[in-house]
Amino acid sequence: MPACTGTGMQRDVQDRRAMTTKIATTKRAATATRELTPAVAWPEVLNAYLLTALDGDGTRRAYRQAIEEALSSIGITSLEELDAILLGTWRAEISSRPLAPSTVALRLAALRSFLTWARTIGACRLPADVVRLTLRTPRGDVRQPYQVCAEPEVAAMLAAVRSEE
Numbered sequence: 025m026p027a028c029t030g031t032g033m034q035r036d037v038q039d040r041r042a043m044t045t046k047i048a049t050t051k052r053a054a055t056a057t058r059e060l061t062p063a064v065a066w067p068e069v070l071n072a073y074l075l076t077a078l079d080g081d082g083t084r085r086a087y088r089q090a091i092e093e094a095l096s097s098i099g100i101t102s103l104e105e106l107d108a109i110l111l112g113t114w115r116a117e118i119s120s121r122p123l124a125p126s127t128v129a130l131r132l133a134a135l136r137s138f139l140t141w142a143r144t145i146g147a148c149r150l151p152a153d154v155v156r157l158t159l160r161t162p163r164g165d166v167r168q169p170y171q172v173c174a175e176p177e178v179a180a181m182l183a184a185v186r187s188e189e
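Per my numbering, the sequence shown starts with residue 25, numbered consecutively.
Below you can see the structure in the form of structure tokens.
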């Protein structure tokens with residue numbers, strides 16, 4: 025039987041603490057999701073979503089920020105107030121901001137994922153196709169003409185590299 029090292033024991037203790045924390049979090053989330061209806065304030069639904077539906081800390085932070093910003097901007101207190109017009113207006117508003125396409129895509133994906141999950145547990149009544157179509161990600165812009173090197177420019181660059189060797 026191998027001897028226990030301090031590092032191994034510390035790792036074991038850390039693993040047990042992590043598991044205990046995960047079990048407690050799962051129990052809180054399970055309790056929260058049992059009581060959710062469309063009339064519940066959206067921050068409560070959001071907390072349950074973040075505890076149960078997302079695994080990565082970075083994703084959880086980004087989605088929390090995006091969803092809080094979206095629902096605060098829309099100006100609702102519960103998900104039962106949401107409709108396609110409010111979602112479409114918000115989508116048009118963020119799409120017109122000077123944001124990177126990836127930022128707009130993340131915000132739309134976060135809200136779409138949250139509302140889909142909320143519908144699954146009964147906390148949102150919007151039909152799935154309304155959420156999917158209203159919060160679709162805009163197509164990316166292809167900027168043309170592409171700026172490429174002409175053949176003589178490529179030859180000059182290669183010659184410069186060869187001369188340095």
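Ideal Cβ positions, reconstructed from N, Cα and C, are used throughout, including at glycine.
L132 is positioned such that its CB atom lies closer than 8 Å to that of T161. Of the residues L75, V155, R85, the one whose Cα lies closest to the Cα of L110 is V155. Distances from the alpha-carbon of P62 to those of A179, L103, C173, G82 put L103 closest. Around the beta carbon of V69, a 10 Å sphere encloses 16 or more other beta carbons of the protein chains shown; the residue is thus reported as buried. A residue is called buried when at least 16 other Cβ atoms come within 10 angstroms of its Cβ; C173 does not meet this threshold and is exposed.
Taking a contact to require three or more Cβ pairs closer than 8 Å, the stretch 126-145 and the stretch 80-90 qualify as touching.
Inclusion of L150 and R143 in the CB contact set at 8 Å is warranted, their separation being smaller than that value. Relative to the Cα of P67, the nearest Cα in the group G82, G80, A90, T158 belongs to A90.
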